[in-house]
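To keep things clear, I will list the structure first and then write my remarks on it.
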Amino acid sequence: MMLLSSLIGPARPPTTTQSEIDANLPIALYNENIVTEYDLLGNAEKCQVCLCDYITNEEIRVLNCHHGFHRECIDKWLTEGSNKCPICRGVGVPPRESETNNSGPIPTTSTGLDSMGPPFF
Ligand SMILES: [Zn+2]
Ligand SMILES: [Zn+2]
Numbered sequence: 001m002m003l004l005s006s007l008i009g010p011a012r013p014p015t016t017t018q019s020e021i022d023a024n025l026p027i028a029l030y031n032e033n034i035v036t037e038y039d040l041l042g043n044a045e046k047c048q049v050c051l052c053d054y055i056t057n058e059e060i061r062v063l064n065c066h067h068g069f070h071r072e073c074i075d076k077w078l079t080e081g082s083n084k085c086p087i088c089r090g091v092g093v094p095p096r097e098s099e100t101n102n103s104g105p106i107p108t109t110s111t112g113l114d115s116m117g118p119p120f121f
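So, in structure tokens, the structure goes:
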């Protein structure tokens, strides 16, 4: 796994933003059905960030790896710590395609200009 992280490199910041979290990760209210409803993995009865048991109707944020945490706990973790699941280190908020395209200048081989200008021969 060390190889993988060195391949990806520092192009993407290790944290994410609150708006990205809200746009990508659902919030569930904790109840006895949440484990089956969201297919939660691991210890689904307590938050592994603050190690507190969930209380009915508390807001739980469910990551794509099916690990759940308190909304406040995982939001703080993802925005101030790292954009990774605290348990399995799976990606928190998945990177967007449009952002990765901005990582470097794209050489423009425009054919539009050529057709406008005078022919060279
Ligand atoms: Zn918590
Ligand atoms: Zn996880």
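Numbering (UniProt numbering), first residue to last: 1 to 121.
Glycine included, each C-beta is placed from N, C-alpha and C at the ideal position.
I21 and N64 have their C-alpha atoms some 11 Å from each other.
C-alpha of Y30 to C-alpha of G81: approximately 24 Å in a straight line.
For L25, the shortest C-beta to heavy atom distance toward ligand 2 is 8 Å or greater.
With fewer than 16 neighbouring CB atoms inside 10 Å of its own CB, Q18 falls in the exposed class.
With a threshold of 16 other beta carbon atoms within 10 Å, L51 falls short and is exposed. Excluding the 5 residues flanking it on each side, W77 has same chain C-beta neighbours closer than 7 Å at V49, P86, in chain order. Shortest gap from the CB of R89 to any heavy atom of ligand 2: under 8 Å. In this model, R89 and D39 are separated by some 18 Å (Cα to Cα).
Close CB contacts of L25 within its chain, under the 7 Å cut and outside five residues either way in sequence, are with R61, V62, L63, V93 (chain order). If you draw a straight line from the Cα of E32 to the Cα of R96, it is about 33 Å long. For H70, the distance from the CB to the nearest heavy atom of ligand 2 is not below 8 Å.
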